[in-house]
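See below for the structure under consideration.
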RNA sequence: GGCCCCAUCGUCUAGUGGUUAGGACAUCGGCCUCUCACGCCGAGAACAGCAGUUCAAAUCUGCUUGGGGUCACCA
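Numbering (our numbering), first residue to last: 6 to 483.
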């Protein structure tokens with residue numbers, strides 16, 4: 006056990022994407038490694054973009070990935086509520102405290118005032134960024150008008166911290182402005198809401214994406230004004246699209262749930278995400294337990310990583326093959342069902358069929374596609390395959406093969422291979438001469454597992470029937 | 001543009017002053033082979049540039065260049 010408290014605080018404005026998932030993962034790994042607590046908090050203060058479906062997508066994604074949270078929505082905890090919109094009174098109270106202490110003030114400037122100031126600033130042709138001019142900074146009256154609460158930011162000195170992954174970072178305070186803490190409707194802006202929540206939820210390590218390093222100085226200023234301990238920070242490099250742009254839907258599947266639908270294994274997703282920006286020597290494939298055992302902030306890279314679909318698929322395939330056939334059968338069931346194949350959960354042919362395609366499939370969706378023909382009464386016949394291999398010349402050989410194979414006992418791959426081998430020798434034929442026609446007859450396709458394992462899993466009755474049917478089709482029947 | 005961060009094969013990375021700069025994915029050959037995969041063997045492929053420190057620099061320093069982030073009553 007340790008007193009480490011980390012959190013993942015997504016905004017429900019879309020689906021949980023892989024960048025967010027990686028942030029969640031690293032926090033979770035650290036909590037699990039050191040025996041700390043992993044807290045989930047929903048930052049839903051953007052009333053306009055926030056949706057209930059997104060909240061659900063976050064829960065579903067986290068659960069699918071197996072990133073369980075110790076405190077947060079659904080599970081509760083001592084520092085709730087865990088939705089920011091349910092914590093408005095807490096923010097207001099903290100804002101009042103800052104005003105009383107002189108660290109913040111009410112600002113009555115309207116959006117129009119600000120827009121005009123901004124326009125004037127830009128018209129002046131300066132290269133400096135626009136900053137709030139401080140109109141209400143020294144104001145003493147309290148008009149009966151809407152106001153926002155602004156932070157009284159220092160104008161000299163600098164604010165810095167030792168980032169757990171990036172090292173020492175210092176930012177001059179004159180880069181700050183009197184940023185807004187509370188909007189006129191009482192809803193906090195990101196920096197204030199996050200800090201108040203992190204303080205009240207006793208978060209002592211904040212790990213998030215690199216895009217938040219600019220938020221860190223103002224947040225530290227708030228911690229100090231509040232008189233609370235500043236937590237440790239860890240900023241993780243971003244995940245970029247292959248072309249170096251910010252990763253978006255245009256470049257790849259970015260939603261975690263899309264990977265679930267595509268038949269990826271959650272552990273594979275975690276493995277790929279972890280290795281993008283973190284390393285442990287030369288090791289590429291990690292189980293969940295290994296990730297937890299080896300994860301360390303110091304081993305995180307400093308360079309933004311580009312998303313690589315091929316490597317992702319490779320990692321996925323490695324994880325798929327690491328599972329035993331029975332487990333894979335259970336996992337593949339929903340994908341079989343999606344293809345209209347009703348296979349009983351305990352059908353012994355399923356693990357056997359899966360064993361034959363394990364080295365050929367990468368995802369569970371592949372598995373379902375590849376074992377499809379085992380479970381259909383009549384395999385779907387590929388038109389090109391039929392045209393090329395189920396030709397009249399194949400008919401006698403398919404017929405003969407059906408007879409040769411018929412009655413083989415035990416009906417297993419080694420016995421079948423021996424028996425067929427003897428027949429081929431007697432006929433002065435080579436397996437090449439019959440293999441493709443037989444494959445098409447048995448599976449409907451030109452690519453499949455080996456013939457004998459196919460026959461074994463199919464069983465004698467189906468094997469013979471399909472070979473006979475192939476013979477008939479070769480002659481142009483049916 | 002201001003501020004901040006970053007820089008090793010195409011990509012993810014190992015490397016913390018002395019290495020033939022290693023691994024993985026991808027790519028290209030070859031082997032295996034009833035197809036497709038798997039597997040195995042092999043090849044090409046990188047320290048952004050320029051100064052400096054040092055006996056010695058991918059490793060330390062500076063500059064340049066390039067890339068990224070961010071500049072809201074979004075998060």
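The C-beta atom is built at its ideal place from N, Cα and C for all residues, glycine as well.
Taking residue i as the reference, give the member of the options with the closest Cα.
i	options	result
residue 274	293, 288, 287	293
residue 450	262, 391, 124	391
residue 386	284, 445, 454, 334	445
residue 48	122, 164, 443, 14	14
residue 204	241, 231, 442	231
residue 37	8, 52, 63	8
residue 335	345, 130, 356, 429	356
residue 453	364, 464, 43	364
residue 395	409, 439, 416	439
residue 76	208, 337, 187	208
residue 197	147, 167, 154, 128	154
residue 469	416, 316, 427, 324	416
Beta strand (DSSP E) containing residue i: first to last residue?
i	result
residue 110	109-112
residue 265	No beta strand (DSSP E) contains residue 265, which is instead part of the alpha helix (DSSP H) from 261-266.
residue 186	185-187
residue 337	Unbroken run through residue 337 is the alpha helix (DSSP H), 330-343; no beta strand (DSSP E).
residue 322	Element bounds for residue 322: not the beta strand (DSSP E) but the alpha helix (DSSP H), 314-327.
residue 212	210-214
residue 359	Here residue 359 belongs to no beta strand (DSSP E); instead the alpha helix (DSSP H) covers 354-362.
residue 239	237-241
residue 4	Past the edges of the chain, shown from 6 to 483, lies residue 4, and the structure says nothing about it.
residue 31	Not the beta strand (DSSP E): residue 31 falls in the alpha helix (DSSP H), residues 23-39.
residue 252	It is not in any beta strand (DSSP E) - residue 252 carries neither H nor E in the DSSP assignment.
residue 88	Taken as a continuous stretch (DSSP letters only), residue 88 belongs to no beta strand (DSSP E), as it is neither H nor E.
residue 44	42-45
Whole-angstrom Cβ separation of residue i and residue j, contact assumed at under 8 angstroms?
i	j	result
residue 348	residue 378	Contact flag wrong, Cβ pair sits at about 12 angstroms.
residue 359	residue 382	In fact, because the Cβ distance is near 20 angstroms, the residues do not count as touching under 8 angstroms.
residue 261	residue 421	Going by Cβ atoms, the distance from residue 261 to residue 421 rounds to 44 angstroms, so no, they are not a contact pair.
residue 184	residue 150	That pair is no contact at about 20 angstroms.
residue 270	residue 170	With a Cβ gap of about 27 angstroms, residue 270 and residue 170 do not count as contacting.
residue 300	residue 35	6 angstroms
Within a Cβ cutoff of 7 angstroms, which residues of the same chain sit near residue i, ignoring the five residues on either side of it in sequence?
i	result
residue 3	Here the chain comprises residues numbered 6 to 483, so residue 3 is not present and cannot be evaluated.
residue 304	283, 284, 285
residue 376	358, 359, 362
residue 30	72, 275, 278, 279
residue 138	122
residue 114	140, 141
residue 33	43, 72
residue 321	269, 270, 273, 367, 368
residue 397	479, 480
Taking the alpha helix (DSSP H) that residue i belongs to, which residues open and close that run?
i	result
residue 59	57-70
residue 393	388-394
residue 207	Element bounds for residue 207: n/a, residue is neither H nor E.
residue 225	221-231
residue 297	293-299
residue 278	271-280
residue 369	369-376
Counting only the same chain and skipping the five closest in sequence on each side, list residues whose C-beta sits under 8 angstroms from that of residue i.
i	result
residue 340	268, 369, 370, 372, 373
residue 56	17, 18
residue 475	395, 399, 403, 442, 443, 445, 446, 447
Return the chain-ordered list of same chain residues with a C-beta closer than 6 angstroms to the C-beta of residue i, the five sequence neighbours on each side being excluded.
i	result
residue 414	none
residue 478	395
residue 102	none
residue 227	200
residue 224	196, 200
residue 192	50
### Task
Could you pull out every unbroken beta strand (DSSP E) segment of at least 3 residues lying fully inside the segment 399-481, listed in chain order?
none
#### Entry: Secondary structure, beta strand (DSSP E): runs of 3+ residues fully inside the segment 102-176
109-112, 153-156, 163-168
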